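*Asks:*
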Amino acid sequence: MSQQPVVLTRRSFLEGLNLSVGGLALGLVPSVTLGAAEAGPRAKAAELKPSVFVHVAADGLVTIVCHRSEMGQGIRSSMPVVIADELGADMARVKVVQADGDAVYGDQNTDGSSSIRNGVYEALRRTGATARTMLVAAAAKRWKVKPADCEARDHAVFHRGGKRSLAFGELVADAVKLPVPKPEAVQLRPRSELRRVGRELPLLDGPSYVNGTAVFGADVRLPGMLIAVVARPPVVGGKVVRFDATKALAIPGVKKVLELPEPQRPYLFQGWGGVAVLAENTWAAMRGRAALDIAWENGPNESYDSAQYRQALLESVRIPGTPARSVGDVDQALAKASRVVEAEYYTPHLSHAPMEPPVALARVDGGTCEVWAPTQHPQAARTEAARVAELPEDKVAVHVTLLGGGFGRKSKADFVAEAVFLAKAAGVPVRVQWTREDDLRHDYYHSASAQRLSAGLDASGKPTAWLHRTSFPAIRSTFSNDVTGPGARDLNQGVLDLPLAIPNVRAEMGLALAKVRIGWLRSVNNIFHAFALGSFMDELAHARGLDPRDNLLEVIGPARHASLAELGVAALPNYGATLEEYPVDAGRLRRVIERVTELSGWSEREKNGRTLGLAAHRSFLTYVGVVVSVKKDEAGKARVDEAWVVVDAGLVVNPDRVRSQMEGSVIFGMSLALYGSITMKGGATQQSNFRDFRLVRVAEAPRAIHVDIIQSESPSGGVGEPGVPPVAPAIANALFALTGTRVRDLPIVQSLAV
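Residue numbers for the sequence shown follow full-length UniProt numbering, beginning at 1 and rising by one.
1. Can you give the beta carbon distance from ALA381 to VAL416, rounded, assuming they're within the 8 Å contact cut?
2. Measuring CA to CA, which of MET355, GLU721, ARG191 is closest to VAL658?
3. Would you call the stretch 95–109 and the stretch 139–151 touching, i.e. three or more CB-CB distances under 8 Å?
4. Let me make sure I understand the geometry here. Which of VAL388, GLU342, PHE243, LYS637 has the alpha-carbon closest to that of ALA362?
5. Using 8 Å for Cβ pairs, my map puts ALA732 next to GLY557. What's the rounded Cβ distance?
6. Hey, which unbroken runs of the alpha helix (DSSP H) at 4 residues or more fall wholly within the stretch 600–629?
7. To the nearest angstrom, how far is the alpha carbon of GLU86 from that of ALA290?
8. Alpha carbons only, please: which of GLU700, ALA635, ASP414 is nearest the one belonging to LEU260?
9. Going by CA-CA distance only, name the one from THR401, PRO323, SER600 that's closest to ARG469.
10. Which value, in whole angstroms, describes the spacing of the CA atoms of PRO300 and LYS515?
11. Could you compute how far the alpha carbon of GLN661 sits from the alpha carbon of TRP296?
12. Whether or not the stretch 262–276 and the stretch 220–239 are in contact is what I'm after, with contact meaning three or more pairs of Cβ atoms, one per stretch, closer than 8 Å; do they touch?
13. Let me make sure I understand the geometry here. Which of LEU467, ARG595, PRO486, TRP466 has the alpha-carbon closest to that of ILE475?
14. Please state if the CB of HIS442 and the CB of TRP272 are separated by a distance shorter than 8 Å.
15. Quick one: Cα of ASN551 to Cα of ALA615, how far?
16. Assuming GLY625 contacts VAL596 under a Cβ cut-off of 8 Å, what Cβ separation, rounded to an integer in Å, is found between them?
17. Kindly indicate which three-state DSSP category GLN98 falls into: helix, strand or coil?
18. When you compare each of PRO207, GLY676, HIS617, TYR445 to GLY718 by their alpha carbons, which one comes out closest?
19. Just to confirm my understanding: we take GLU122, look at its own chain, exclude 5 residues before and 5 after, and list those with CB closer than 6 Å. What are they?
20. In chain order, which beta strand (DSSP E) runs of at least 3 residues are fully inside the stretch 129–163?
21. Taking the beta strand (DSSP E) that PRO463 belongs to, which residues open and close that run?
22. Once DSSP output is grouped into helix, strand and coil, what is the label at SER454?
23. With which residues is GLY636 paired in a DSSP beta bridge?
24. Tell me the residue span of the alpha helix (DSSP H) that contains LEU735.
25. For PHE690, does the count of other Cβ atoms within 10 angstroms reach 16, so buried, or fall short, so exposed?
26. Can you tell which of ASP656, ASN211, LEU752, ASP111 has the C-alpha that lies nearest to the C-alpha of GLY408?
27. Tell me whether MET537 sits in a helix, a strand or coil according to DSSP, three-state version.
28. Let me make sure I understand the geometry here. Which of ASP244, GLY404, VAL327, GLN187 has the alpha-carbon closest to that of GLU151?
29. Going by beta carbon distance, what residues of the same chain come within less than 6 Å of ALA139, once the five residues before and after it are set aside?
30. Going straight from the alpha carbon of GLY161 to that of ARG191, what length do you get?
31. Given that a residue counts as buried once 16 or more other Cβ atoms are within 10 Å of its Cβ, and exposed if not, what is GLY40?
32. When you compare each of VAL398, TYR267, LEU135, LEU403 to LYS177 by their alpha carbons, which one comes out closest?
33. What would DSSP say about GLN376, mapped onto helix, strand or coil?
34. On the three-state DSSP scale, how would you describe ASN504?
35. What is the DSSP secondary structure of ASP59, reduced to helix, strand or coil?
36. With a CB to CB cut of under 8 Å and the five nearest residues on each side skipped, what residues in its chain are close to ALA386?
Written as structure tokens, this is what we have:
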């Protein structure tokens with residue numbers, strides 16, 4: 001690993017461009033060199049290292065390791081602040097570095113909105129407190145006073161009541177001689193002493209995004225590297241029958257054509273298979289791929305057709321399924337009901353479509369393997385790289401670059417597996433570059449789903465029964481061959497954890513076989529569950545002749561912590577948290593509903609050609625209420641005009657990032673609701689680029705998005721995902737109020753002329 005990669009940043013790329021008469025010549029200007037120290041700081045003799053996360057150097061520089069991946073959510077601007085606040089460090093003298101993939105950092109998977117919750121917040125504080133305890137002890141020993149008479153702040157230790165102080169750097173030599181206290185033995189600061197947590201914080205990586213020096217996956221270069229693009233089977237489970245590389249190798253710049261191994265079920269994070277073209281540059285590789293003569297065998301999924309699959313899912317929810325939640329006697333209550341309200345909902349497959357398509361650079365040399373990749377899950381990438389390289393994991397290094405979006409796609413390591421295989425086979429460093437077409441056609445798709453909801457009303461119109469059937473191919477099908485539909489854990493997301501003040505409740509799961517690779521996408525199953533539930537709540541209100549807000553609050557019931565008995569389940573996965581620490585809190589759900597309707601002027605929800613729609617949802621231990629307004633523009637086309645979001649995420653570390661995530665969730669949710677659809681014909685994906693997998697564009701964005709963060713002392717919940725689920729049903733409900741037509745199938749553009 002003697003050769004170090006050179007980083008060609010966006011800025012250096014632009015500065016290195018020079019035009020010639022014959023065309024465009026790219027002069028690559030090496031602007032940054034990544035050495036071993038950049039991948040993770042190394043302890044020195046005069047460096048305090050009380051944990052793998054904190055290093056205090058003799059010159060006073062505090063280095064904090066961020067072990068989660070940065071993909072625009074600002075985790076590198078939030079996580080280190082927690083440590084620095086507890087330590088008493090001055091952020092102007094703090095350096096943040098990105099961790100490599102390594103089990104020493106604990107869970108590094110930047111997914112599931114878990115970077116702060118799941119005990120991480122307290123663990124980070126204890127990390128900073130450990131370093132502080134040692135520095136304070138060193139100062140107290142030098143001054144011959146009690147540690148309790150000293151305090152750490154402003155990058156120094158001060159003697160309380162006296163005028164003495166010692167900078168952190170001055171104490172390092174003494175502190176390193178002290179034993180490292182156990183995490184449970186250190187004392188955390190009172191919340192009032194945390195100077196930055198919960199306050200507006202700058203986006204530390206913001207300047208590099210703007211000036212072009214930020215390093216993303218495709219920015220890393222190695223001497224002698226080749227660029228690879230891959231022709232992958234158009235159908236999952238397909239394989240190469242034969243290919244002719246002659247024309248591809250005739251393209252100037254193309255050096256090699258290699259066949260990749262066929263993946264075996266379960267697919268997990270294996271590469272997709274196919275044929276790779278390796279060239280001196282991306283354009284040559286793409287031209288070479290286009291020239292390949294490949295014959296494919298499509299395999300058993302060739303018959304996969306989205307229209308037929310939609311019908312199969314709907315038929316699945318029209319018959320009894322496997323119970324996952326049961327309270328009372330739903331069948332009897334429905335039979336005795338004066339009226340039964342029913343509706344069916346369908347959502348298609350979705351693609352992640354991050355702005356930066358998957359990319360990975362690998363080097364396999366001398367019994368070692370190095371990878372540079374924009375991965376959300378560096379440890380999984382390391383494991384997969386080791387498997388493909390046939391090396392022990394301690395011989396594999398995964399360096400994490402910035403991510404140009406992820407949404408769950410880059411938690412999978414298939415693109416890393418491809419790079420490692422090709423680097424090993426070619427004997428040179430190889431960067432695998434996915435195109436937008438590759439990204440959309442070979443994704444780990446979000447599940448298609450069908451849902452059927454039924455509510456029984458008594459003579460007074462009060463709900464007495466609730467039946468929810470849901471069917472979709474489960475994510476577990478990517479990891480196991482015997483999965484035939486959702487399991488109870490899949491219904492944890494919006495179905496099992498929904499508090500209902502209804503005496504008879506049942507939720508059922510229908511059969512659904514996976515025909516593509518299924519993966520988690522931002523908000524996961526909450527997307528379609530919230531769409532069906534939020535839409536049905538509005539339908540129920542209309543059937544009862546009630547204000548949608550009043551109906552929603554009545555169906556949820558009074559403020560309370562819903563017990564397992566009330567929920568009708570023996571256990572609740574609860575996103576890995578205990579119900580004692582994170583209860584199903586109907587009061588918090590009611591609170592966001594009440595607050596968001598207050599802010600949006602709900603009492604005038606139909607005024608001046610504008611109508612409002614409401615939805616609320618609990619996901620990732622956070623409660624979010626959304627109201628959107630829709631109105632017709634001058635051309636008579638309905639559009640989202642304004643949005644209000646109220647979020648209760650418990651203790652908030654960085655309000656600016658929470659606000660940003662909620663704003664982004666509105667845009668993301670609008671894209672899914674209005675346009676999101678991946679369809680299959682003959683087993684192959686029909687969409688190929690943003691022309692047929694539309695995203696919301698600037699002109700379609702709401703003129704204003706208002707975000708209100710409820711101040712809370714509850715434990716921190718998730719933030720990256722919970723804002724998305726209520727957006728689609730809120731839009732659908734507003735459109736019903738505007739047009740009188742229900743939206744029960746997504747995307748909206750295919751079911752309603754908007």
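Virtual Cβ for every residue (Gly too), placed ideally from N, Cα, C.
As the structure is a computational prediction, the values presented were derived from the model and not from experiment.
*Replies:* Taking the structure as given:
1. On the sequence shown, position 381 is the one that residue 381 refers to. On the sequence shown, position 416 is the one that residue 416 refers to. Confirmed, about 5 Å.
2. On the sequence shown, residue 658 is found 658 positions in, with the first residue counted as 1. Nearest option by C-alpha distance: GLU721.
3. Contact between the stretch 95–109 and the stretch 139–151 is absent, because fewer than three Cβ pairs lie under 8 Å.
4. Position 362 of the sequence shown, counted from the start, is the residue given in the question as residue 362. The shortest C-alpha to C-alpha distance from ALA362 to any of VAL388, GLU342, PHE243, LYS637 is the one to VAL388.
5. Within the sequence shown, residue 732 is the residue found at index 732, counting from 1. Within the sequence shown, residue 557 is the residue found at index 557, counting from 1. So it is not a contact: roughly 24 Å between Cβ atoms.
6. For the stretch 600–629, not one full-length alpha helix (DSSP H) segment reaches 4 residues or more.
7. Position 86 of the sequence shown holds residue 86. Position 290 of the sequence shown holds residue 290. Cα to Cα, the separation comes out at about 56 Å.
8. To locate residue 260, count along the sequence shown from 1; it is residue 260. The candidate whose alpha carbon is nearest that of LEU260 is ASP414.
9. On the sequence shown, residue 469 is found 469 positions in, with the first residue counted as 1. Considering only alpha carbons, the answer is PRO323.
10. One-based indexing of the sequence shown puts residue 300 at position 300. One-based indexing of the sequence shown puts residue 515 at position 515. Taking the straight line joining both Cα atoms gives about 9 Å.
11. Residue mapping note: residue 661 aligns to position 661 of the sequence shown, counting from 1. Residue mapping note: residue 296 aligns to position 296 of the sequence shown, counting from 1. Cα to Cα, the separation comes out at about 42 Å.
12. Flag = yes, the stretch 220–239 and the stretch 262–276 touch.
13. Locating residue 475 in the sequence shown gives position 475, where the first residue counts as 1. ILE475 has its Cα closest to that of PRO486, out of LEU467, ARG595, PRO486, TRP466.
14. For the purposes of this step, residue 272 is taken as the residue at position 272 of the sequence shown. For the purposes of this step, residue 442 is taken as the residue at position 442 of the sequence shown. Cβ distance < 8 Å, so TRP272 and HIS442 count as in contact.
15. The residue labelled residue 551 in the question sits at position 551 within the sequence shown. The residue labelled residue 615 in the question sits at position 615 within the sequence shown. So the alpha carbons of these two residues sit roughly 12 Å apart.
16. As a position in the sequence shown, residue 625 is number 625, starting the count at 1. As a position in the sequence shown, residue 596 is number 596, starting the count at 1. About 4 Å separates the beta carbon of GLY625 from that of VAL596, a gap short enough to meet the 8 Å contact definition.
17. Residue numbering aside, residue 98 sits at position 98 when the sequence shown is read from its first letter. In the three-state DSSP reduction, GLN98 falls in the strand class (E or B).
18. Within the sequence shown, the letter at position 718 stands for residue 718. Out of PRO207, GLY676, HIS617, TYR445, HIS617 has the C-alpha closest to the C-alpha of GLY718.
19. Walking along the sequence shown from the start, residue 122 turns up at place 122. Excluding residues within five positions, none has a Cβ falling inside 6 Å.
20. DSSP runs (the beta strand (DSSP E)) wholly in the stretch 129–163: 150–153, 156–159.
21. For the purposes of this step, residue 463 is taken as the residue at position 463 of the sequence shown. Element bounds for PRO463: 463–471.
22. Residue numbering aside, residue 454 sits at position 454 when the sequence shown is read from its first letter. SER454: strand per DSSP, three-state reduction.
23. Here residue 636 refers to the residue found at position 636 when the sequence shown is read from its first residue. According to DSSP, GLY636 bridges with nothing at all.
24. Position 735 of the sequence shown, counted from the first residue, corresponds to residue 735. In the DSSP assignment, LEU735 falls within the unbroken alpha helix (DSSP H) covering 727–739.
25. Taking the sequence shown and counting its residues from 1, one reaches residue 690 at position 690. The Cβ neighbour count for PHE690, taken over all protein chains shown within 10 Å, is under 16; the residue is labelled exposed.
26. Residue numbering aside, residue 408 sits at position 408 when the sequence shown is read from its first letter. Here the closest residue by C-alpha is ASP111.
27. Walking along the sequence shown from the start, residue 537 turns up at place 537. Secondary structure of MET537 (DSSP, three-state): helix.
28. Position 151 of the sequence shown, counted from the start, is the residue given in the question as residue 151. Closest option to GLU151, Cα to Cα, is GLN187.
29. In the sequence shown, the residue the question calls residue 139 occupies position 139. The answer, listed in chain order, is CYS150, VAL157, LEU166, LEU171.
30. Along the sequence shown, one-based indexing puts residue 161 at 161. Along the sequence shown, one-based indexing puts residue 191 at 191. Each residue's alpha carbon lies about 22 Å from the other.
31. For the purposes of this step, residue 40 is taken as residue 40 along the sequence shown, with counting starting at 1. Its pLDDT being 38, under 50, GLY40 is placed unreliably in this model, and the coordinates cannot settle the point.
32. As a first step, residue 177 is located in the sequence shown; it is residue number 177 there, counting from the start. The residue with the shortest Cα to Cα distance from LYS177 is LEU135.
33. On the sequence shown, position 376 is the one that residue 376 refers to. The DSSP-derived three-state label of GLN376 is coil.
34. For this step, residue 504 is matched to residue 504 along the sequence shown. Correct three-state label for ASN504: strand.
35. For the purposes of this step, residue 59 is taken as residue 59 along the sequence shown, with counting starting at 1. If DSSP states are grouped into helix, strand and coil, ASP59 belongs with coil.
36. Working through the sequence shown from its first residue, we reach residue 386 at position 386. Listed in chain order, the non-local C-beta contacts of ALA386 below 8 Å within the same chain comprise CYS369, PRO392, GLU393, LYS395, VAL396, local neighbours out to five positions each way being set aside.
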